[in-house]
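Below is one structure; the comments refer to it alone.
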Amino acid sequence: MSAILNAPWIARQATDLLAQRGHAWLLQGPSGLGQYELALAMASAWLCEKPTEQGACGDCPSCHAIAVRTHADLAVLMPETVMIALGWPLSEKAQDEIDKKTRKPSKEIRVDAMRDAVEFSQRTNARGRGKAVLVFPAERMNTITANALLKTLEEPPGAVRFVLATEAAHMLLPTIRSRCLAHTMKWPEADEALTWLSGQGVPAPVAQALLRSAGGRPNDVLRQAEAGLSPEWWAALPKAMRGGDARHLADLSPAQAIEALQKLCHDLVLRQSGAAPRFFEATQLPPSLASAAVLTDWFKRLMQSARTAEHPFNAGLMLEALTADAQQTLLSKG
Ligand SMILES: [Zn+2]
Numbered sequence: 001m002s003a004i005l006n007a008p009w010i011a012r013q014a015t016d017l018l019a020q021r022g023h024a025w026l027l028q029g030p031s032g033l034g035q036y037e038l039a040l041a042m043a044s045a046w047l048c049e050k051p052t053e054q055g056a057c058g059d060c061p062s063c064h065a066i067a068v069r070t071h072a073d074l075a076v077l078m079p080e081t082v083m084i085a086l087g088w089p090l091s092e093k094a095q096d097e098i099d100k101k102t103r104k105p106s107k108e109i110r111v112d113a114m115r116d117a118v119e120f121s122q123r124t125n126a127r128g129r130g131k132a133v134l135v136f137p138a139e140r141m142n143t144i145t146a147n148a149l150l151k152t153l154e155e156p157p158g159a160v161r162f163v164l165a166t167e168a169a170h171m172l173l174p175t176i177r178s179r180c181l182a183h184t185m186k187w188p189e190a191d192e193a194l195t196w197l198s199g200q201g202v203p204a205p206v207a208q209a210l211l212r213s214a215g216g217r218p219n220d221v222l223r224q225a226e227a228g229l230s231p232e233w234w235a236a237l238p239k240a241m242r243g244g245d246a247r248h249l250a251d252l253s254p255a256q257a258i259e260a261l262q263k264l265c266h267d268l269v270l271r272q273s274g275a276a277p278r279f280f281e282a283t284q285l286p287p288s289l290a291s292a293a294v295l296t297d298w299f300k301r302l303m304q305s306a307r308t309a310e311h312p313f314n315a316g317l318m319l320e321a322l323t324a325d326a327q328q329t330l331l332s333k334g
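Counting in my numbering, the sequence shown runs from 1 upward without gaps.
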């Protein structure tokens, strides 16, 4: 189970939310703040046999069942790629199709999975503590799956509670949002995040530098540290882009590269307007005469690329194209 479950800022929010009534929650906010972990903490507490004000006990049969990912009263709705990454088992049918290479793991929440979840919510619960449905990332529902969920949210069949977690609430159907109690994820205190990260084995100086590049989001820092992205690598990124060095991006997926370049663009726009950069140190940014208009256009192109980044024709070529575009922008003279 993810260590961030025990992070103090997640625990505080869990206590807060569990004290309130509500059969459907929407946890929203930017990535890296732990909405999946908070959602899991809430579902665990709902199903726990000896819950405390702080949440699940962590030690009862229900908690153990969740820890090993086989709780009869918990349905987890995620894209298959996310389930695999987070260690949740796929349905037998889905696993079979993927094993036989009939299809690739889906990056959306599949209609089949939603049908199973709707059917699940109509069954009686196995352990007598009600049932829970966890949806993450909720923005990966298409219109069909979202509408199927909406029906269940509108007429909840008895003792089932829902927790949806999203990093892009604006992409959800407004009708889904309005059926849920919304909670906006809270930011950890800076020293809290540093203490937690050092507990995860990220040394303090590295954590400090990476917290800056991750915009203060501890989960993203952990991801970066695990991916081996050092503060030195981050510091050298702007100048590498100005020099057109695509190798600097070689260890990133196109989606990660786009995210990094968006942060660079963001900081260049801030500098243009006379503000302090957010993700880089001022000294790490290369000289550039690019105007605000040129930078804004670059940002728009990056957003467009982000839409295709999950299915790149060729990841290497895409990284080269992204680098070339970054270089051209940085060298632009107006
Ligand atoms: Zn328990």
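For glycine and all other residues, C-beta sits at the position ideal for the given N, C-alpha and C.
On a predicted model such as this, the values are computed, not experimentally measured, just so you know.
Open item on the list: Short of 6 Å in beta carbon distance, which residues of its chain neighbour Leu153, apart from the five on each side in sequence? Order them along the chain.
Closed with: Ala24, Arg179
Task: Arg247 versus Leu264: straight-line alpha-carbon distance, rounded - done: 17 Å
Task: Contacting residues, own chain, Cβ-Cβ under 7 Å from Pro105 (five flanking each side not counted) - done: Glu80, Thr81, Ile84, Ile98
Open item on the list: I'd like to know whether the C-beta atoms of Leu26 and Leu164 end up nearer to each other than 7 Å.
Closed with: yes
Open item on the list: Please determine whether the Cβ atom of Ala56 lies at a distance below 6 Å from any heavy atom of ligand 1.
Closed with: yes
Task: Gln208, DSSP secondary structure in three states - done: helix
- [ ] From the DSSP output, in three-state form, read off Pro174 for me.
- [x] helix
Task: For Gly199, three-class secondary structure by DSSP - done: helix
Open item on the list: If the criterion is Cβ atoms closer than 7 Å, does the pair Met185 and Gln35 meet it?
Closed with: yes
Open item on the list: Between which residues of its own chain and Asp59 is the CB-CB distance below 8 Å, once the five residues before and five after are set aside?
Closed with: Lys50
Task: 8 Å CB neighbourhood of Glu53 in its chain, flanking five on each side removed - done: Thr15, Leu18, Ala19
- [ ] Please report how far the alpha carbon of Arg242 lies from the alpha carbon of Ala255, in whole angstroms.
- [x] 20 Å
Open item on the list: Check whether the segment 217-236 and the segment 65-79 are in contact - that is, three or more C-beta pairs closer than 8 Å.
Closed with: no
Open item on the list: Using 8 Å for Cβ pairs, my map puts Ala169 next to Gln28. What's the rounded Cβ distance?
Closed with: 4 Å
TODO: Name the two residues that bound the continuous alpha helix (DSSP H) containing His64.
DONE: 61-67
- [ ] Tell me whether Leu322 is buried or exposed, calling it buried when 16 or more other Cβ atoms sit within 10 Å of its Cβ.
- [x] buried
- [ ] List the residues that DSSP assigns as beta-bridge partners of Met141.
- [x] Ile109
Open item on the list: Does Ala3 pass the burial test, meaning 16 or more other C-beta atoms within 10 Å, or should it be called exposed?
Closed with: In this prediction, Ala3 scores a pLDDT of 48, lower than 50, which makes its location untrustworthy; no coordinate-derived value is stated.
Open item on the list: Considering only their Cβ atoms, is the gap separating Leu289 from Lys333 smaller than 7 Å?
Closed with: yes
TODO: Please determine if the segment 305-320 and the segment 223-236 are in contact, where contact requires at least 3 C-beta pairs separated by less than 8 Å.
DONE: no
Open item on the list: So for Ser332, helix, strand or coil by DSSP?
Closed with: coil
Task: Cys265 CB to nearest heavy atom of ligand 2 below 6 Å - done: The model on display carries ligand 1 but not ligand 2.
Open item on the list: With H, G and I counted as helix, E and B as strand and the rest as coil, what does DSSP make of Leu74?
Closed with: strand
Task: Rounded C-alpha distance that separates Leu295 from Phe279 - done: 16 Å
- [ ] Compute every distance between the C-beta of Cys180 and the non-hydrogen atoms of ligand 1, then say whether any falls below 6 Å.
- [x] no
TODO: Taking 7 Å as the cut-off, decide whether the C-beta atoms of Pro188 and Glu167 are in contact.
DONE: no
Open item on the list: Using CA atoms only, rank isn't needed, just tell me which of Val133, Leu173, Gly55, Thr145 is closest to Pro156.
Closed with: Val133
- [ ] Determine the burial state of Pro203: buried for a count of at least 16 other Cβ atoms within 10 Å of its Cβ, exposed for fewer.
- [x] exposed
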